[in-house]
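For reference, the structure is listed below as structure tokens.
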Amino acid sequence: MVKPAYYISLISAGLLCLLSFKTNVRTRLKEGPSPVKTPAQEQATFQLEPGLSIQLVASEPMVQDPVAITFDEHGRLWVVEMRGFMADINGDGEDKPVGRVSVLEDTNGDGQMDVSKIYLDSLVMPRAMAFVPGGVLIAENGALWLTKDLNGDLKADTKTVVDPTYAASGLPEHAPNGLWRGLDNWYYSAKSRLRYKLMDGKPGATQWQKDSTEFRGQWGISYDDKGRLFYNYNWSQLHADLVAPNYLSRNKNHKPTTGIDYGLTIDRRVYPIRPNPAVNRGYIPGTLDKEGHLLEFTAACSPLAYRGTALPAAYYGNAFVCEPAGNLIKRNVVEEKGLLITAHDPHPGTEFLASTDERFRPVHMASGPDGALYIADMYRGLIQHKAYVTPYLKEQTLARELDKPVNRGRIWRIVPQNWKAPKTKKLSDESPDELVAELSNPDGWHRDMAQHLLIDKNDKKVGPALTNLALKGDQPQGRFHALWTLDGLKLSKPDVLAGLVADQNALVSSTALRLLEPFAKTDKTVRAKLGEQLLSRCENAPIELILQMTFTAGVLDQPIAQQLMANIVGRYGESALIRDAAMSSLQDQEFALLQRLVKSPQWQTHEPAKEIFLEMLTTSIVRKRNPAELTALLTLLDSHKESFGWQEKAILTSMSIAGSSKMKPIKLAAAPNLLAKSSAKIDPSRLASLETMFEWPGHVAAKSSSVKKSLLNDEEQKLFASGRQLYLNTCSGCHGTDGAGLSRFGPPLIGSDWVLGDEKRLALVLLHGMEGPVEINKRVYDAPEILPVMPSHSTMDDASITSILMYIRNEWGNNAGPIGKRTVGMTRVLAQGRVVPWTAKELNKYILETQAASAK
Numbered sequence: 007m008v009k010p011a012y013y014i015s016l017i018s019a020g021l022l023c024l025l026s027f028k029t030n031v032r033t034r035l036k037e038g039p040s041p042v043k044t045p046a047q048e049q050a051t052f053q054l055e056p057g058l059s060i061q062l063v064a065s066e067p068m069v070q071d072p073v074a075i076t077f078d079e080h081g082r083l084w085v086v087e088m089r090g091f092m093a094d095i096n097g098d099g100e101d102k103p104v105g106r107v108s109v110l111e112d113t114n115g116d117g118q119m120d121v122s123k124i125y126l127d128s129l130v131m132p133r134a135m136a137f138v139p140g141g142v143l144i145a146e147n148g149a150l151w152l153t154k155d156l157n158g159d160l161k162a163d164t165k166t167v168v169d170p171t172y173a174a175s176g177l178p179e180h181a182p183n184g185l186w187r188g189l190d191n192w193y194y195s196a197k198s199r200l201r202y203k204l205m206d207g208k209p210g211a212t213q214w215q216k217d218s219t220e221f222r223g224q225w226g227i228s229y230d231d232k233g234r235l236f237y238n239y240n241w242s243q244l245h246a247d248l249v250a251p252n253y254l255s256r257n258k259n260h261k262p263t264t265g266i267d268y269g270l271t272i273d274r275r276v277y278p279i280r281p282n283p284a285v286n287r288g289y290i291p292g293t294l295d296k297e298g299h300l301l302e303f304t305a306a307c308s309p310l311a312y313r314g315t316a317l318p319a320a321y322y323g324n325a326f327v328c329e330p331a332g333n334l335i336k337r338n339v340v341e342e343k344g345l346l347i348t349a350h351d352p353h354p355g356t357e358f359l360a361s362t363d364e365r366f367r368p369v370h371m372a373s374g375p376d377g378a379l380y381i382a383d384m385y386r387g388l389i390q391h392k393a394y395v396t397p398y399l400k401e402q403t404l405a406r407e408l409d410k411p412v413n414r415g416r417i418w419r420i421v422p423q424n425w426k427a428p429k430t431k432k433l434s435d436e437s438p439d440e441l442v443a444e445l446s447n448p449d450g451w452h453r454d455m456a457q458h459l460l461i462d463k464n465d466k467k468v469g470p471a472l473t474n475l476a477l478k479g480d481q482p483q484g485r486f487h488a489l490w491t492l493d494g495l496k497l498s499k500p501d502v503l504a505g506l507v508a509d510q511n512a513l514v515s516s517t518a519l520r521l522l523e524p525f526a527k528t529d530k531t532v533r534a535k536l537g538e539q540l541l542s543r544c545e546n547a548p549i550e551l552i553l554q555m556t557f558t559a560g561v562l563d564q565p566i567a568q569q570l571m572a573n574i575v576g577r578y579g580e581s582a583l584i585r586d587a588a589m590s591s592l593q594d595q596e597f598a599l600l601q602r603l604v605k606s607p608q609w610q611t612h613e614p615a616k617e618i619f620l621e622m623l624t625t626s627i628v629r630k631r632n633p634a635e636l637t638a639l640l641t642l643l644d645s646h647k648e649s650f651g652w653q654e655k656a657i658l659t660s661m662s663i664a665g666s667s668k669m670k671p672i673k674l675a676a677a678p679n680l681l682a683k684s685s686a687k688i689d690p691s692r693l694a695s696l697e698t699m700f701e702w703p704g705h706v707a708a709k710s711s712s713v714k715k716s717l718l719n720d721e722e723q724k725l726f727a728s729g730r731q732l733y734l735n736t737c738s739g740c741h742g743t744d745g746a747g748l749s750r751f752g753p754p755l756i757g758s759d760w761v762l763g764d765e766k767r768l769a770l771v772l773l774h775g776m777e778g779p780v781e782i783n784k785r786v787y788d789a790p791e792i793l794p795v796m797p798s799h800s801t802m803d804d805a806s807i808t809s810i811l812m813y814i815r816n817e818w819g820n821n822a823g824p825i826g827k828r829t830v831g832m833t834r835v836l837a838q839g840r841v842v843p844w845t846a847k848e849l850n851k852y853i854l855e856t857q858a859a860s861a862k
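Heads up: the sequence shown begins at 7 in my numbering, then just goes up one per residue.
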């Protein structure tokens with residue numbers, strides 16, 4: 007995410023803020039040191055939601071600097087201890103092999119760990135671990151290792167490299183971590199574009215497969231009951247995948263804009279119960295309130311979708327997020343809304359867990375076999391890595407003695423008051439049939455562990471019991487896990503899966519359809535029957551199954567796939583996720599579908615969603631660069647003698663924008679009539695872009711002949727082109743595909759001073775939203791003519807927002823020129839603390855004040 011060079015710029019930009027904030031800084035320094043507390047003393051500092059209790063599970067010296075925790079099938083707690091992290095203010099000794107992985111056990115059942123064994127020590131900055139058949143994956147010293155205990159004494163005997171470059175960057179806050187085992191038996195990491203899988207059930211390191219996947223999050227990863235991955239960023243507390251990994255990236259000609267890395271909430275507000283002056287950006291006005299309390303997330307990490315049963319039922323499925331800089335943990339209630347999921351704070355103003363102890367640093371969470379919520383507390387004063395420590399934070403840390411002591415750490419457990427731990431049988435002792443029964447356990451940890459054990463033991467005899475559970479089980483979750491366990495054991499049968507596609511439960515039916523895809527790919531009979539089945543069901547199926555049908559269409563025979571896709575997009579195309587899913591299933595078939603749609607009677611009436619999808623198809627066709635298809639596309643445009651209809655305008659817009667970025671000219675066999683005669687039907691700028699895309703006998707696509715938008719350079723042109731796709735899926739629903747605005751939704755962007763004016767002001771509008779009346783081109787827009795509030799887009803990353811701004815500032819006759827690469831990121835940081843939409847008046851005032859401060 008944030009690189010050291012970025013912070014150098016940030017510190018320079020914030021120097022005035024630091025100087026003007028000096029008085030408040032000195033006041034906060036008077037707070038003095040935060041003394042180290044014993045575990046009992048720290049426990050007394052906690053404020054927890056009513057009806058709940060927090061219990062100590064382990065503390066130093068048994069655990070030191072815990073950064074990741076997880077339970078094994080024996081009920082033992084494994085702890086990754088990053089004991090080399092920031093031993094002093096300069097971070098000296100980070101390369102020393104002082105880290106370890108410990109195994110803790112409660113042998114007398116009193117709720118506290120009383121036995122600790124060091125599984126592996128002499129580690130350099132260990133950061134993650136995961137159980138695998140026959141061993142344990144451990145990430146340390148920049149690499150990923152497979153370790154094995156060969157004699158059962160809980161000490162690693164061998165250590166073999168799986169990936170020497172797993173965390174090659176070396177920076178603790180910005181290198182891969184997590185190692186979460188997905189339902190598909192791939193291991194996924196946060197802050198990574200890679201995933202790993204043990205092939206054929208063999209535990210040897212040489213059998214590991216490394217594959218690319220979508221980039222996810224920063225620190226910590228988990229999943230919910232449907233296997234959707236959850237993660238976050240230090241500035242945005244909760245993101246998730248709406249679809250299975252790698253599903254939306256199957257079409258190399260299309261770049262999806264939704265479905266992966268979806269922000270569940272724009273709420274960034276936190277409510278600490280003590281001042282938090284020792285945060286890295288505390289010198290920036292708006293980071294802390296007047297009492298010194300942190301206002302918004304600055305170190306969000308380790309989101310956990312809680313699937314345990316110890317806490318009251320209202321907590322099941324909630325997403326908990328650590329905020330170590332604010333000494334708290336936030337609870338989010340997660341809700342499904344069609345294909346989307348959202349989250350909200352159930353009680354704004356009070357956190358799920360908060361402490362008055364400045365050294366309480368929750369950095370990781372896990373569910374236990376007892377259903378309780380477990381918390382890894384790094385318990386230290388300084389948690390910022392040396393690469394990012396600002397002068398302000400260094401002054402705070404040294405003056406208040408927060409740099410010492412180190413190597414403390416606690417593990418806490420949250421349970422209901424007067425709770426008694428249930429007596430549960432260790433899953434390691436259960437028979438295969440008992441493990442099959444555990445797949446229907448109300449507790450998610452038990453379901454996951456049972457699935458893992460059944461797959462890892464590779465006992466094919468459980469096939470009939472699993473099949474029976476999948477077909478006749480009482481609980482959808484049990485049936486769901488049975489299907490995935492059969493898949494992991496390679497025991498899935500196409501006839502069973504095909505029958506379940508018609509199941510009444512959407513989770514079961516969509517899972518069966520997804521698992522049926524490999525059979526349909528290789529078996530013509532299965533493929534044909536499946537195509538007929540999906541065509542007959544697509545009109546009345548639940549939306550979850552419709553989404554899966556859209557993905558599965560990619561493995562069907564083309565005539566059936568094209569018909570199914572046309573039906574689905576025509577009916578459900580208003581969903582950006584459905585559109586992206588369709589594009590993902592259309593690798594090299596985009597032109598065939600476009601030809602079908604432009605002739606279809608159902609596609610003659612103009613609708614924004616249809617226009618967007620035609621643009622998406624055209625963009626993919628241009629990226630494919632097939633001369634025959636592009637010639638046919640130009641011929642289609644030229645066939646309209648007088649003026650273009652909405653379909654042709656959509657195709658032309660997409661062609662010219664997709665071709666506006668630097669690309670090698672496409673060679674055509676002959677001059678296309680549309681371009682050769684310089685049709686008056688085409689805007690000169692669009693025509694120039696098209697002319698530079700192609701070469702034909704007698705025509706050289708000279709770069710100098712192009713009319714480049716706002717003199718954008720090649721990199722900026724690429725951002726402009728990607729900005730169009732993001733704009734279509736994010737903004738056009740209110741502002742129109744043509745930027746002219748839509749009545750009762752959003753005002754026009756064409757010629758708007760809000761678009762063409764100060765780029766920081768425009769960035770703030772997207773980051774925080776805007777409400778109330780706004781004046782554009784001497785006309786005031788207000789509700790009900792437009793929506794009363796434009797929502798925040800703060801969950802989008804800086805690059806995506808930059809692309810949108812680059813696009814809207816240089817399209818539809820707008821000619822504002824490029825936007826700085828760091829504008830959005832710097833604006834996001836310097837406006838930290840803003841958690842409500844702007845009004846036009848206060849935003850203009852803010853910009854004038856910041857401009858005046860910068861001029862001094």
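Glycine included, each C-beta is placed from N, C-alpha and C at the ideal position.
At which residues does the beta strand (DSSP E) containing residue i begin and terminate?
i, result
"Cys307", "Cys307 to Ala311"
"Arg520", "Careful: Arg520 lies outside any beta strand (DSSP E), inside the alpha helix (DSSP H) at Ala512 to Thr528."
When you compare the CB positions of residue i and residue j, do they come within less than 8 Å of one another, or not?
i, j, result
"Ala149", "Asp169", "yes"
"Leu725", "Phe751", "no"
"Ala582", "Asn735", "yes"
"Val835", "Asp804", "no"
"Glu302", "Pro251", "no"
"Leu477", "Val502", "yes"
"Val780", "Tyr787", "yes"
"Gly288", "Gln118", "no"
Can you tell me whether residue i is helix, strand or coil according to DSSP?
i, result
"Met371", "strand"
"His452", "helix"
"Thr736", "helix"
"Trp609", "helix"
"Gln390", "coil"
"Ser128", "strand"
"Leu854", "helix"
"Phe27", "Residue placement at Phe27 cannot be trusted, given a pLDDT of 44 that sits under 50; the coordinates are not used to answer."
"Asp439", "helix"
"Asn183", "strand"
"Gly90", "coil"
"His458", "helix"
For the alpha helix (DSSP H) containing residue i, list its first residue and its last residue.
i, result
"Gly494", "Pro482 to Gly494"
"Ala471", "Gly469 to Lys478"
"Tyr398", "Pro397 to Ala405"
"Trp241", "Premise fails: Trp241 is in no alpha helix (DSSP H) and is neither H nor E."
"Thr624", "Pro614 to Lys630"
"Pro753", "Where Pro753 is concerned, there is no enclosing alpha helix (DSSP H), given that its DSSP letter is neither H nor E."
"Tyr578", "Gln564 to Tyr578"
Tell me, which residues are paired with residue i by DSSP?
i, result
"Cys328", "Cys307 and Ile335"
"Ile84", "Residue identity differs from the one stated: residue 84 is Trp in this sequence, not Ile. For Trp84, which the question treats as bridged, DSSP gives the partners Thr76 and Val109."
"Ile782", "Arg785"
"Lys154", "Thr164"
"His705", "Trp702"
"Tyr268", "Ala246"
"Leu359", "Leu54 and Ile335"
So residue i and residue j are in contact, right, with Cβ under 8 Å, and what is the actual spacing, rounded?
i, j, result
"Leu248", "Tyr268", "5 Å"
"Leu2", "Leu681", "The requested residue 2 does not occur in the structure, where the chain is confined to residues 7 to 862."
"Leu445", "Ala488", "6 Å"
Quick check: does the Cβ of residue i come within less than 7 Å of any heavy atom belonging to the ligand GDP?
i, result
"Ala707", "For the structure depicted, the ligand GDP is absent and the ligand set is empty, with no information on it obtainable."
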